[in-house]
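According to my numbering, the sequence shown holds residues 25 to 482 in order.
The C-beta atom is built at its ideal place from N, Cα and C for all residues, glycine as well.
Worksheet for the structure shown next.
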Amino acid sequence: MLETPENVILETFEAQKAYFATHKTKSVSFRLEQLKKLQKSIKKNQTKIEEALWKDLHKSPEEAYLAEISIVLNEIEYHILNLKHWAKTKRTSTPLHLRPSSSKVIYEPLGVALLIAPWNYPFQLMMNTLIGAISGGCCSILKPSPDAPIIAKLMEEMIVANFEPEYIRLLQGGKDTNTVLLQQKFDVIFFTGSSRVGKIVMKAAAEHLTPVILELGGKSPCIVDKNANLDVAARRIAWGKLINSGQTCIAPDYLFAHASIKDKLLAKISEEIEKMYGKNPQESKYYPRIVNERAHQRLQGMLRQGTIHSGGTFDEADLYISPTIIDDVKEEFDVMQEEIFGPILPVLSYENINEAIDYINKNEKPLAFYYFGKNSQAKEVLYKTSSGGGCVNDTLLHIANHHLPFGGVGNSGLGKYHGHNSFLAFTNQRAIVSTPTWIDLPFKYVPFRFYKWIKRIV
Ligand code: NAD
Numbered sequence: 025m026l027e028t029p030e031n032v033i034l035e036t037f038e039a040q041k042a043y044f045a046t047h048k049t050k051s052v053s054f055r056l057e058q059l060k061k062l063q064k065s066i067k068k069n070q071t072k073i074e075e076a077l078w079k080d081l082h083k084s085p086e087e088a089y090l091a092e093i094s095i096v097l098n099e100i101e102y103h104i105l106n107l108k109h110w111a112k113t114k115r116t117s118t119p120l121h122l123r124p125s126s127s128k129v130i131y132e133p134l135g136v137a138l139l140i141a142p143w144n145y146p147f148q149l150m151m152n153t154l155i156g157a158i159s160g161g162c163c164s165i166l167k168p169s170p171d172a173p174i175i176a177k178l179m180e181e182m183i184v185a186n187f188e189p190e191y192i193r194l195l196q197g198g199k200d201t202n203t204v205l206l207q208q209k210f211d212v213i214f215f216t217g218s219s220r221v222g223k224i225v226m227k228a229a230a231e232h233l234t235p236v237i238l239e240l241g242g243k244s245p246c247i248v249d250k251n252a253n254l255d256v257a258a259r260r261i262a263w264g265k266l267i268n269s270g271q272t273c274i275a276p277d278y279l280f281a282h283a284s285i286k287d288k289l290l291a292k293i294s295e296e297i298e299k300m301y302g303k304n305p306q307e308s309k310y311y312p313r314i315v316n317e318r319a320h321q322r323l324q325g326m327l328r329q330g331t332i333h334s335g336g337t338f339d340e341a342d343l344y345i346s347p348t349i350i351d352d353v354k355e356e357f358d359v360m361q362e363e364i365f366g367p368i369l370p371v372l373s374y375e376n377i378n379e380a381i382d383y384i385n386k387n388e389k390p391l392a393f394y395y396f397g398k399n400s401q402a403k404e405v406l407y408k409t410s411s412g413g414g415c416v417n418d419t420l421l422h423i424a425n426h427h428l429p430f431g432g433v434g435n436s437g438l439g440k441y442h443g444h445n446s447f448l449a450f451t452n453q454r455a456i457v458s459t460p461t462w463i464d465l466p467f468k469y470v471p472f473r474f475y476k477w478i479k480r481i482v
């Protein structure tokens with residue numbers, strides 16, 4: 025793997041610090057100009073982006089557009105429309121005892137940002153964080169995943185063609201490059217990846233007290249209750265699980281089905297899979313591959329316990345694993361110990377919803393949470409559990425709404441982004457009180473001569 029030499033990393037970092045100090049990135053018109061440049065470049069390179077995602081992940085152009093490119097384009101458009109309003113200094117009210125002072129919040133760019141992305145949605149996750157950094161008025165160093173090398177190279181070319189390296193630069197590499205990057209005193213670090221590496225990032229950031237946004241993973245549960253619409257649930261679960269062959273941070277990781285409908289539901293999910301990918305998904309142009317051999321072997325290991333309900337076949341040379349449902353799963357099975365990140369759906373069942381709730385609550389807080397059933401019951405289940413986000417009677421959709429904050433909680437992440445939250449992630453909300461000098465009320469001064477009186481109003 026090609027790592028970026030240390031001297032290049034240090035030079036880039038110093039150049040970006042110096043560029044940020046010129047204050048050029050702070051002007052809103054400058055930021056809008058950069059967002060428009062990025063937008064234009066993405067539109068121009070759309071076919072190349074789709075080709076790169078096909079080569080790296082066997083992702084179809086349709087899936088590449090819907091799950092990556094369109095999400096990024098919508099995000100840019102939303103920032104272009106709203107940035108002026110977001111970046112404007114906002115007056116707040118001032119309590120009586122502080123009058124005649126006035127108060128305001130200034131949205132100030134944090135500085136130089138480090139953006140680290142994973143390989144599964146390599147374009148969307150790198151670009152969406154960059155949009156936030158541009159919008160927030162920061163300089164950025166981007167570090168894509170070496171496991172999706174073709175799109176990483178294309179993104180580098182797009183960045184070089186549009187931005188000065190002292191403003192935005194993409195550095196290639198893996199762990200070694202990250203290790204050197206993480207030793208620098210960035211003003212903000214935005215990391216998307218596993219909880220394991222998230223801890224490494226947070227430890228490194230703690231050395232400099234650098235703020236972090238951590239977009240991590242975990243095991244996202246999907247509950248199907250006895251009164252759910254099973255046809256719709258089956259279709260939406262099959263879709264959400266198999267987009268990108270299950271290599272989606274918010275994919276339903278495992279299924280909790282009410283015992284009375286479980287068999288019917290599993291039969292329907294298998295039918296839906298066949299409708300979407302045909303009898304042999306290996307031949308479907310819509311079915312992506314597992315990212316590499318290591319990941320493939322890890323997934324093979326998960327097929328050894330439980331009863332294979334459907335699927336269960338694989339071809340390591342082609343990095344293919346068939347969509348697989350595993351029934352009769354026990355909590356102690358390997359497949360229930362870590363995030364699956366592949367096209368395998370283990371199934372647990374329950375008689376009473378509290379069994380599912382207790383299981384979810386005794387494990388790490390998930391990134392997403394899906395409930396299929398009646399809205400009234402959904403309310404109670406949401407009230408008794410926790411997750412970064414989720415859907416009722418659907419899967420994945422919450423990620424596509426830029427009006428919603430996206431992110432995890434606890435083990436699945438720290439901080440939120442998308443839309444306005446992306447702007448806020450890269451800005452310091454600087455709180456300022458301005459006090460007039462034409463009057464200087466004596467109340468606050470020592471020796472507190474008006475203490476008895478002032479105590480009543482503060
Ligand atoms: P990863 O944590 O292995 O890698 C993420 C990034 O960290 C990559 O750029 C990689 O080069 C770098 N890295 C790897 N090991 C490192 C180390 N020891 N020190 C420093 N840097 C290191 O994750 P991945 O395999 O690329 O992606 C899969 C994970 O990402 C899953 O857990 C998934 O749930 C999560 N994810 C989360 C989101 C989200 O939005 N919350 C989105 C996509 C993926």
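Where does residue i sit, in a helix, a strand or coil, going by DSSP?
| i | result |
| --- | --- |
| Phe430 | strand |
| Leu26 | coil |
| Gly437 | strand |
| Ile463 | coil |
| Ile175 | helix |
| Leu195 | coil |
| Ala449 | helix |
| Pro133 | strand |
| Ile73 | helix |
| Ala455 | strand |
| Arg318 | helix |
| Val32 | helix |
| Ser127 | strand |
| Thr116 | strand |
| Val470 | coil |
May I have the straight-line CA-CA distance separating residue i from residue j, to the nearest angstrom?
| i | j | result |
| --- | --- | --- |
| Phe54 | Thr272 | 34 Å |
| Lys476 | Asn445 | 44 Å |
| Ala42 | Tyr407 | 48 Å |
| Ser400 | Trp78 | 42 Å |
| Leu266 | Gly336 | 14 Å |
| Val482 | Lys128 | 20 Å |
| Ala76 | Gln40 | 29 Å |
| Gly437 | Leu391 | 7 Å |
| Asp249 | Ile368 | 21 Å |
| Arg318 | Asp171 | 11 Å |
| Asn385 | Val433 | 13 Å |
| Asn69 | Thr234 | 34 Å |
| Cys415 | Phe393 | 7 Å |
| Phe430 | Phe472 | 48 Å |
| Pro168 | Asn425 | 24 Å |
| Arg115 | Ile237 | 27 Å |
| Gly156 | Asn268 | 25 Å |
| Ala141 | Lys440 | 15 Å |
| Ile174 | Arg220 | 25 Å |
| Ser218 | Glu362 | 11 Å |
Tell me whether residue i counts as near the ligand NAD, meaning its Cβ is closer than 6 Å to at least one heavy atom of that ligand.
| i | result |
| --- | --- |
| Cys163 | no |
| Glu30 | no |
| Lys199 | yes |
| Gly414 | no |
| Trp143 | yes |
| Asn387 | no |
| Val221 | yes |
| Asn484 | Residue 484 lies beyond the stretch modelled for the chain, which goes from 25 to 482, so this question has no answer here. |
| Ser127 | no |
| Gly434 | no |
| Ile224 | yes |
| Pro419 | According to the sequence as given, residue 419 is Thr; it is not Pro. No, the ligand NAD has no heavy atom inside 6 Å of this Cβ. |
| Asn316 | no |
| Cys246 | no |
| Gly302 | no |
Taking 8 Å as the threshold, find out whether the stretch 374 to 382 comes into contact with the stretch 346 to 365 through three or more Cβ pairs.
no
Run through the stretch 330 to 409 for me and flag every whole alpha helix (DSSP H) of 4 or more residues, listed as ranges in chain order.
377 to 386 and 399 to 408
Mind the definition here: the stretch 411 to 422 touches the stretch 262 to 281 only if three or more C-beta pairs lie below 8 Å; say whether that holds.
yes
Are three or more beta carbon pairs between the stretch 457 to 473 and the stretch 129 to 136 nearer than 8 Å?
no
For the 8 Å Cβ check, are there 3 or more pairs between the stretch 46 to 63 and the stretch 180 to 189?
yes
Beta strand (DSSP E) runs wholly inside the stretch 238 to 298, at least 3 long, in chain order:
245 to 248 and 278 to 282
Taking contact to mean 3 or more Cβ pairs, one atom from each stretch, closer than 8 Å, check whether the stretch 76 to 93 and the stretch 140 to 153 are in contact.
yes
Okay, do the stretch 434 to 454 and the stretch 98 to 106 touch, 3+ Cβ pairs below 8 Å being the bar?
yes
Take every Cβ of the stretch 197 to 212, pair it with every Cβ of the stretch 387 to 401, and state whether three or more of those distances are shorter than 8 Å.
no
Which runs of the alpha helix (DSSP H) spanning at least 4 residues fall entirely within the stretch 184 to 234, listed in chain order?
199 to 207 and 219 to 232
Any alpha helix (DSSP H) of 4 or more consecutive residues that is wholly inside the stretch 136 to 172:
146 to 159
Is the stretch 166 to 180 close to the stretch 291 to 306, with three or more CB pairs under 8 Å?
no
Decide yes or no for the touch test of the stretch 256 to 264 against the stretch 221 to 231: beta carbon pairs closer than 8 Å, at least 3 of them.
no
Say whether the stretch 280 to 291 touches the stretch 312 to 328, bearing in mind that this needs 3 or more beta-carbon pairs closer than 8 Å, one atom from each stretch.
no
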